[in-house]
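Asks: Sharing a structure below in structure tokens format, with a few things to ask.
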Amino acid sequence: MAKDDSYHVLDPAHTDPARIKKERDQARKLKKTQWWLDLLNRGICHHCQNKFKASELTMDHLIPLARGGKSNRGNIVPSCRPCNQAKHLESPVDAAFRQLEAEKSGSQNED
Ligand SMILES: [Zn+2]
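Each step along the sequence shown adds one to the number in our numbering, with nothing skipped, and position 21 is 22.
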């Protein structure tokens with residue numbers, strides 16, 4: 002159990018391999034939950050809001066694990082592959098902006 006509450010800043014502790022591994026394990030567990038299966042069955046990409054087959058969606062962390070993001074329902078969203086890949090090519094500012102736009106235009110993914 003991490004007691005560090007400064008997850009919003011880039012900190013060497015965030016890239017601690019043990020922490021990343023723990024969060025990856027947690028993500029793997031979440032993939033088996035009904036919550037995640039429901040999201041996949043709904044098939045809506047969080048970023049472009051288009052509909053996909055469950056097999057075409059990937060699990061995406063809004064805040065990357067290496068930046069202190071956690072594997073929990075608030076930080077994990079379904080993403081189509083093009084969006085997931087495009088995300089890595091744009092600046093964090095662009096990504097954050099698009100994320101805000103996506104949140105404004107659709108709140109149907111809120112649990
Ligand atoms: Zn998409």
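The beta-carbon is built from N, C-alpha and C at its ideal position, and this holds for glycine as well.
Report all residues from its chain with a CB closer than 6 Å to the CB of HIS48; omit the five preceding and five following residues, and keep chain order.
Replies: Around HIS48: SER80, CYS84 and ALA103.
Asks: Taking the C-alpha atoms as reference points, what is the distance between GLU111 and GLY75?
Replies: Any reading at GLU111 must be qualified, since the residue scores a pLDDT of 46, below 50, and its modelled position is unreliable; the value itself is stated next. Their backbone Cα atoms lie some 9 Å apart in a straight line.
Asks: Among the residues of its own chain, which have a CB less than 7 Å from the CB of ARG82, if the five just before and after it don't count?
Replies: GLU57 and THR59
Asks: Determine whether the beta carbon atoms of ALA55 and LEU66 lie at a separation below 8 Å.
Replies: No, the Cβ-Cβ distance between ALA55 and LEU66 is not below 8 Å.
Asks: In the DSSP output, what is SER80 paired with across the bridge?
Replies: In the DSSP assignment, SER80 is bridged to THR59.
Asks: Thinking just about the alpha-carbon of each residue, which of ILE64, THR34 and LYS71 is nearest to the one in LEU101?
Replies: ILE64
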